[in-house]
């Protein structure tokens, strides 16, 4: 008889071992450990990300330049002392001015400028037709549809040479003016003159700022 009682007691103890203490409910298995979280991806190394887009600054013309990928520049075909074309290469003071303006607009002057040599007959109305974004020389204050920026140079006879943009683009006007001012202050204007107009015997100076 004692042997049977002991067996019953042992069986009851094993059943109770499967219940939570004092509740009679089956004991739940311990929660599993959370799955490891993958570390965040490393940030791109400096220089690996693509360069930021051109800062537009509210300029309709610069928006078109950004979409196109290049600044269209018109040069005076009748002023070889200021700009000339040698095959596919453009040279001269007006080309240097176009490059410093492009740089001031956040563009790469080596790859993001397209030039056109324009006689007066083709230059008239070229901004309005969208054939160029910038005229270097050949623009006059008060010309219809053209905003004259500058002057960027004053020759010895008192002639003032202006840049031309489409009228109404104040943001572009301000940025070009700032680029010209910076070129005068840091000596870029003078170096461009010494390497171009001075060698052609043309006396010129920057406009007072």
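In the UniProt record's numbering, the protein residues as written are 1 to 209. The beta-carbon is built from N, C-alpha and C at its ideal position, and this holds for glycine as well.
Neighbour-count burial assignment, residue i, 16 or more Cβ in a 10 Å radius
{"i": "residue 76", "result": "buried"}
{"i": "residue 58", "result": "exposed"}
{"i": "residue 123", "result": "buried"}
{"i": "residue 60", "result": "exposed"}
{"i": "residue 204", "result": "buried"}
{"i": "residue 126", "result": "buried"}
Residue i to residue j span [Cα, whole Å]
{"i": "residue 190", "j": "residue 97", "result": "11 Å"}
{"i": "residue 184", "j": "residue 198", "result": "16 Å"}
{"i": "residue 74", "j": "residue 182", "result": "22 Å"}
{"i": "residue 110", "j": "residue 194", "result": "21 Å"}
{"i": "residue 116", "j": "residue 72", "result": "8 Å"}
{"i": "residue 207", "j": "residue 152", "result": "6 Å"}
{"i": "residue 155", "j": "residue 68", "result": "34 Å"}
{"i": "residue 120", "j": "residue 95", "result": "18 Å"}
{"i": "residue 92", "j": "residue 192", "result": "9 Å"}
{"i": "residue 80", "j": "residue 160", "result": "17 Å"}
{"i": "residue 100", "j": "residue 187", "result": "12 Å"}
{"i": "residue 178", "j": "residue 106", "result": "12 Å"}
DSSP state of residue i mapped onto helix, strand, coil
{"i": "residue 196", "result": "coil"}
{"i": "residue 89", "result": "strand"}
{"i": "residue 77", "result": "coil"}
{"i": "residue 174", "result": "helix"}
Residue i - partner residues in DSSP beta bridges
{"i": "residue 114", "result": "72"}
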